[in-house]
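Peer 1: One structure, as structure tokens, below. Some questions next.
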Amino acid sequence: MSRELHDALEFCLQEIERGADVETCLERFPEFATDLRPLLNAALLARSLPALSPSPAVMQRGRARLLQRAAEMRTRQERRHRRIAWGAFRSAAVAFLVAVFLFVSGTGLVRASSTALPGDGLYPVKRTWEGLRLSLVFDPLRREEVEFEIENERLEEIGELFAKGRVERVSFDGWLESRQADRWLVSGVTVVITGETRLPAEPVDPGAAVRIVGWTQPEKVVEATDVILLPPDAVVLPETEEEEGHDEHEGLAPPSLVSETPDDDDGGAEVSPTATLEAGDDEDSGGQKASDDSTSESGSGNHENHGGEDDSHSVEEDE
Numbered sequence: 001m002s003r004e005l006h007d008a009l010e011f012c013l014q015e016i017e018r019g020a021d022v023e024t025c026l027e028r029f030p031e032f033a034t035d036l037r038p039l040l041n042a043a044l045l046a047r048s049l050p051a052l053s054p055s056p057a058v059m060q061r062g063r064a065r066l067l068q069r070a071a072e073m074r075t076r077q078e079r080r081h082r083r084i085a086w087g088a089f090r091s092a093a094v095a096f097l098v099a100v101f102l103f104v105s106g107t108g109l110v111r112a113s114s115t116a117l118p119g120d121g122l123y124p125v126k127r128t129w130e131g132l133r134l135s136l137v138f139d140p141l142r143r144e145e146v147e148f149e150i151e152n153e154r155l156e157e158i159g160e161l162f163a164k165g166r167v168e169r170v171s172f173d174g175w176l177e178s179r180q181a182d183r184w185l186v187s188g189v190t191v192v193i194t195g196e197t198r199l200p201a202e203p204v205d206p207g208a209a210v211r212i213v214g215w216t217q218p219e220k221v222v223e224a225t226d227v228i229l230l231p232p233d234a235v236v237l238p239e240t241e242e243e244e245g246h247d248e249h250e251g252l253a254p255p256s257l258v259s260e261t262p263d264d265d266d267g268g269a270e271v272s273p274t275a276t277l278e279a280g281d282d283e284d285s286g287g288q289k290a291s292d293d294s295t296s297e298s299g300s301g302n303h304e305n306h307g308g309e310d311d312s313h314s315v316e317e318d319e
């Protein structure tokens with residue numbers, strides 16, 4: 001895709017966002033009408049598809065991998081098998097048709113939207129393409145990888161908006177790491193809660209999975225307009241509590257070796273191995289003494305034999 005065509009596409013997408021139709025946009029760029037028409041039609045079709053949210057399992061992985069400061073809140077959740085409803089099948093079919101249309105019309109639109117940020121003309125195309133990728137993945141493990149990539153992309157987009165000082169509307173899912181007065185830390189992003197922020201009726205405690213909708217600010221914070229508490233099956237409890245209870249049973253030595261009253265039993269614990277060692281030493285010493293005694297007895301026996309031989313020689317000489 002040439003630079004001129006890319007600029008024309010960006011302009012047409014912005015005009016469509018303001019309410020213009022495809023034909024009006026094509027009249028502005030008749031030299032690119034052949035290339036722009038399928039791309040703009042694909043963009044319009046893509047905007048009609050619903051956005052897909054990451055599953056709780058992917059949020060768990062994203063939290064464990066993206067938030068190293070909150071690694072203790074990693075969880076394991078069983079996968080659930082759900083029947084595919086007709087509505088889901090219909091959405092997947094539409095997504096497949098849109099994907100085929102995009103491939104037939106060329107991948108220039110997808111490549112051009114890969115670096116788009118919230119507020120850019122190509123950003124709806126980027127989000128739609130992410131949804132298409134997710135709809136066409138049927139392997140559970142691969143699907144979780146794709147969902148993780150998408151969730152990671154949301155956080156990277158917010159970081160780029162912060163770096164550029166742009167004020168844009170964003171939406172992302174994450175884990176509430178901490179909350180202090182009007183400032184929450186969600187997936188490493190500082191979220192400002194104002195009097196106009198719509199909060200859930202249920203209490204939101206650290207460790208809860210939430211969806212934040214709001215606006216980025218030049219101060220590198222997100223001013224929240226809505227805080228949505230995600231379903232209970234996405235809530236994660238700190239892993240440290242489970243591990244501590246687990247270690248209390250596995251980390252202890254047998255009762256015969258460790259006592260709960262160190263003052264009385266430590267001496268016994270110290271004396272017992274010492275007594276064993278002393279007994280072993282005595283046995284070794286006794287063994288060595290016995291060996292020495294047998295050696296000395298053997299030596300004395302030899303002396304007696306030599307003495308007998310000397311007496312025998314003396315008698316023969318006398319005779």
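The sequence shown begins at 1 in the working numbering and counts up one residue at a time.
Glycine included, each C-beta is placed from N, C-alpha and C at the ideal position.
Would you mind reading off the limits of the beta strand (DSSP E) that contains Asp7?
Peer 2: Taking the sequence shown and counting its residues from 1, one reaches residue 7 at position 7. Note, Asp7: premise wrong, no beta strand (DSSP E); alpha helix (DSSP H) at Arg3 to Glu17.
Peer 1: For Ala224, write down the residues that DSSP places opposite it in a beta bridge.
Peer 2: Counting from 1 along the sequence shown, the entry for residue 224 is found at position 224. Note: Ala224 sits in a beta bridge opposite Gly214.
Peer 1: Closest by CA to Ala42, which one among Leu117, Arg28, Ala201 and Leu122?
Peer 2: Numbered from its first residue, the sequence shown carries residue 42 at position 42. Out of Leu117, Arg28, Ala201 and Leu122, Leu122 has the C-alpha closest to the C-alpha of Ala42.
Peer 1: Can you tell me where the alpha helix (DSSP H) with Glu31 in it begins and where it stops?
Peer 2: As a working mapping, residue 31 is identified with position 31 in the sequence shown. Where Glu31 is concerned, there is no enclosing alpha helix (DSSP H), given that its DSSP letter is neither H nor E.
Peer 1: Excluding the 5 residues preceding and the 5 following Arg143 in the sequence, name in chain order all residues of the same chain whose CB lies nearer than 6 Å to its CB.
Peer 2: As a position in the sequence shown, residue 143 is number 143, starting the count at 1. Taken in chain order, the residues that qualify are Val137.
Peer 1: Check the C-beta distance from Val191 over to Ile212 and give it rounded, since I have them as a contact under 8 Å.
Peer 2: Here residue 191 is taken as the residue at index 191 of the sequence shown, counted from 1. Here residue 212 is taken as the residue at index 212 of the sequence shown, counted from 1. Going by Cβ atoms, the distance from Val191 to Ile212 rounds to 6 Å, so yes, they are a contact pair.
Peer 1: Could you work out which residue in Asp21, Glu160, Arg127 and Ala33 is closest to Glu4 when comparing CA atoms only?
Peer 2: Mapped onto the sequence shown, residue 4 falls at position 4. Comparing Cα-Cα distances from Glu4 to each of Asp21, Glu160, Arg127 and Ala33, the minimum goes to Ala33.
Peer 1: Under a three-way DSSP split, which group does Phe138 fall into?
Peer 2: Within the sequence shown, numbered from 1, the residue matching residue 138 stands at position 138. If DSSP states are grouped into helix, strand and coil, Phe138 belongs with coil.
Peer 1: From Pro118, Glu10 and Leu44, pick the residue whose C-alpha is nearest to that of Thr216; which is it?
Peer 2: Taking the sequence shown and counting its residues from 1, the one referred to as residue 216 is at position 216. Among Pro118, Glu10 and Leu44, the Cα nearest to that of Thr216 is on Pro118.
Peer 1: Using 8 Å for Cβ pairs, my map puts Val210 next to Gly174. What's the rounded Cβ distance?
Peer 2: Locating residue 210 in the sequence shown gives position 210, where the first residue counts as 1. Locating residue 174 in the sequence shown gives position 174, where the first residue counts as 1. Contact flag correct, Cβ pair sits at about 7 Å.
Peer 1: For Val146, which of helix, strand or coil comes out of DSSP?
Peer 2: The sequence position of residue 146 within the sequence shown is 146, counting from 1. Note: Val146 maps to helix in three-state DSSP.
Peer 1: Cα-Cα, which of Trp184, Ala201 and Lys220 is closest to Gly207?
Peer 2: As a position in the sequence shown, residue 207 is number 207, starting the count at 1. For the residues Trp184, Ala201 and Lys220, the minimum Cα distance to Gly207 belongs to Trp184.
Peer 1: Which residue comes first and which comes last in the beta strand (DSSP E) that contains Gly174?
Peer 2: Counted from its first residue, the sequence shown places residue 174 at position 174. Residues Arg169 to Gln180.
Peer 1: For Glu168, I'd like the list of residues in its chain whose CB is within less than 6 Å of its CB, leaving aside the five on either flank, ordered along the chain.
Peer 2: Taking the sequence shown and counting its residues from 1, one reaches residue 168 at position 168. Excluding positions up to five away in sequence, the list reads Pro118, Gly119, Leu161 and Thr216.
Peer 1: Take Asp35 and list the residues in its own chain whose beta-carbon comes closer than 7 Å to its own, dropping the five residues that flank it on each side.
Peer 2: The sequence position of residue 35 within the sequence shown is 35, counting from 1. Taken in chain order, the residues that qualify are Leu5.
Peer 1: For Arg166, report the span of its beta strand (DSSP E) as first-last.
Peer 2: Indexing the sequence shown from 1 puts residue 166 at position 166. Per DSSP, Arg166 belongs to no beta strand (DSSP E) and is neither H nor E.
Peer 1: Let me check one thing: in DSSP terms, what residues is Ala209 bridge-paired to?
Peer 2: Counted from its first residue, the sequence shown places residue 209 at position 209. Bridge partners of Ala209: Trp175.
Peer 1: Which residues mark the beginning and the end of the beta strand (DSSP E) in which Val186 is found?
Peer 2: Numbered from 1 along the sequence shown, position 186 holds the residue referred to as residue 186. Run containing Val186: Arg183 to Val186, per the beta strand (DSSP E) assignment.
Peer 1: Under a CB-based cut-off of 8 Å, is Glu145 close to chain D?
Peer 2: No chain D is present in this structure, which holds just one protein chain.
Peer 1: Given Thr24, which residues of its chain have a CB within under 8 Å of its CB, disregarding the five upstream and five downstream residues?
Peer 2: Start at 1 with the first residue of the sequence shown, and residue 24 comes out as number 24. Result list for Thr24: Glu15, in chain order.
Peer 1: Taking the alpha carbon of Leu155 as the point to measure from, which residue in Leu134, Val222, Leu199 and Ala201 has its own alpha carbon closest?
Peer 2: The count along the sequence shown starts at 1 and reaches residue 155 at position 155. For Leu155, the nearest C-alpha among the options comes from Val222.
Peer 1: Out of curiosity, what's the CA-to-CA distance linking Lys220 and Glu10?
Peer 2: Here residue 220 is taken as the residue at index 220 of the sequence shown, counted from 1. Here residue 10 is taken as the residue at index 10 of the sequence shown, counted from 1. If I take the Cα positions, the gap works out to 27 Å.
Peer 1: Quick one: grab the DSSP three-state call for Ser190.
Peer 2: Position 190 of the sequence shown, counted from the start, is the residue given in the question as residue 190. Going by the sequence as given, residue 190 is Thr instead of Ser. Thr190 falls in the strand class under three-state DSSP.
Peer 1: Check Leu117 in the structure and name its three-state DSSP category.
Peer 2: Numbered from its first residue, the sequence shown carries residue 117 at position 117. It is coil, neither helix nor strand.
Peer 1: Report yes if the CB atom of Leu176 is closer than 8 Å to the CB atom of Pro200, and no otherwise.
Peer 2: Position 176 of the sequence shown holds residue 176. Position 200 of the sequence shown holds residue 200. Going by C-beta atoms, Leu176 is not nearer than 8 Å to Pro200.
Peer 1: Enumerate in chain order the residues of its own chain whose CB-to-CB distance from Glu309 is below 6 Å, with the five nearest sequence positions on each side excluded.
Peer 2: For the purposes of this step, residue 309 is taken as the residue at position 309 of the sequence shown. Per-residue confidence for Glu309 stands at a pLDDT of 45, beneath the threshold of 50, marking its modelled position as unreliable; no derived number is given.
Peer 1: Leaving out the 5 sequence neighbours to the left and right, which residues in its chain are closer than 8 Å to Asp182 when beta-carbon positions are compared?
Peer 2: Looking up residue 182 in the sequence shown gives position 182. Counting only Cβ-Cβ distances below 8 Å, and skipping sequence neighbours, we find Val192, Ile193 and Thr194.
Peer 1: Buried or exposed: which applies to Ser285, given that a residue is buried once 16 or more other Cβ atoms fall within 10 Å of its Cβ?
Peer 2: Within the sequence shown, numbered from 1, the residue matching residue 285 stands at position 285. Note that Ser285 scores a pLDDT of 44, beneath 50, so its modelled location is shaky; the value from the coordinates is reported in the next line. Result: exposed.
Peer 1: On the criterion of 16 or more Cβ atoms from any shown chain inside 10 Å, does Lys164 qualify as buried, or is it exposed?
Peer 2: In the sequence shown, counting from the first residue as 1, residue 164 sits at position 164. Flag for Lys164 reads exposed.
Peer 1: Here's the rule I'm using: 16 or more other beta-carbon atoms within 10 Å means buried, otherwise exposed. How should Gly19 be labelled?
Peer 2: Here residue 19 corresponds to residue number 19 of the sequence shown, with the count starting at 1. Its Cβ having fewer than 16 others within 10 Å, Gly19 is exposed.
Peer 1: Can you check whether the CB of Arg37 is closer than 8 Å to the CB of Leu26?
Peer 2: Residue 26 sits at position 26 when you count from the first residue of the sequence shown. Residue 37 sits at position 37 when you count from the first residue of the sequence shown. Contact: yes.
Peer 1: Does DSSP put Leu230 in a helix, in a strand, or in coil?
Peer 2: Counted from its first residue, the sequence shown places residue 230 at position 230. Coil at Leu230, not helix or strand.
Peer 1: With 16 other CB atoms within 10 Å as the buried threshold, where does Arg111 fall?
Peer 2: As a working mapping, residue 111 is identified with position 111 in the sequence shown. Classification of Arg111: exposed, given that the 10 Å Cβ count is below 16.
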